Amino acid sequence: MRNMKNLLWFIAVLSLVQCVTCQISLTQPGAVIVKPSEVLQLPCKVTGASLTDSSKVYAVLWVRQPAGKGLEFLGGIWHDASARYAQSLQGRLTVSRDTNKGEVYLKLTGMKPEETAVYYCTSDPQWDIYYESMCKNIS
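Going by UniProt numbering, the first residue of the sequence shown is number 1, and it counts up by one from there.
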C-alpha cells in the first residue's frame, strides 16, 4: 500500500512538471521560399522559459520533413550554448541563439533542391529524458 501511495504521489508531481512545461511555446514564421544555392535562415521564438534554464528548455532542436518522408534531425543548441549538428550538414549548418530575445536561429547555406521540406524547431526538455527512463524502470 505504501508503494502505491508513493507511486501516485510521484505521478502527481510529474503531472505538475508536465503542466509547467506545457506553457512553453515555440513559434516559427510562415512559408519561406529559398532558391538552390541560397541561404535558408529561420528564427524560432521560445516563450514561457529562458533558453538557459535547463530544467525547462534543455535544448532547442531543428528537424525537417521532406514530403512523404520521416523527420530528419538537423542540429540543435543546448542550454549551455553548445551546438550539435548532423554529420551530413557539418560546415553548412549553424544553429545560434539570442537569449535576450528568446530566439534560436537556423542558418543553412548552399541549399539543394532535395532539401525541400518543412522545417521545424522543437524543444527538448531535460525532464523528458528522466521521465522516459523512470517509466521504463517502473514497468
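A virtual CB, placed ideally from N, CA and C, is assigned to each residue, including glycine. Just so we're clear, the structure is a prediction, and the values are computed from it rather than from any experiment.
Are the beta-carbon atoms belonging to residue i and residue j less than 8 Å from one another?
i, j, result
"LEU106", "GLN23", "no"
"VAL104", "LEU51", "yes"
"HIS79", "VAL57", "yes"
Using DSSP bridges, identify the partner residues of residue i.
i, result
"ARG92", "Answer is none; ARG92 lacks a bridge partner."
"TYR58", "Answer is none; TYR58 lacks a bridge partner."
"LYS107", "GLN41 and THR94"
"SER123", "VAL60"
"THR47", "SER25"
"GLY75", "TRP62 and TYR85"
Once DSSP output is grouped into helix, strand and coil, what is the label at residue i?
i, result
"PRO36", "coil"
"PRO29", "coil"
"PRO113", "helix"
"GLN65", "strand"
Between which residues of its own chain and residue i is the CB-CB distance below 6 Å, once the five residues before and five after are set aside?
i, result
"VAL118", "GLN65"
"ALA59", "GLY76, TRP78 and ASP124"
"TYR120", "VAL63"
Just to confirm my understanding: we take residue i, look at its own chain, exclude 5 residues before and 5 after, and list those with CB closer than 8 Å. What are they?
i, result
"LEU89", "LEU74, GLY75 and LEU108"
Using a Cβ-Cβ cut-off of 7 Å (strictly less than) and excluding sequence neighbours within five positions of residue i, which residues of its own chain qualify?
i, result
"SER25", "THR47 and GLY48"
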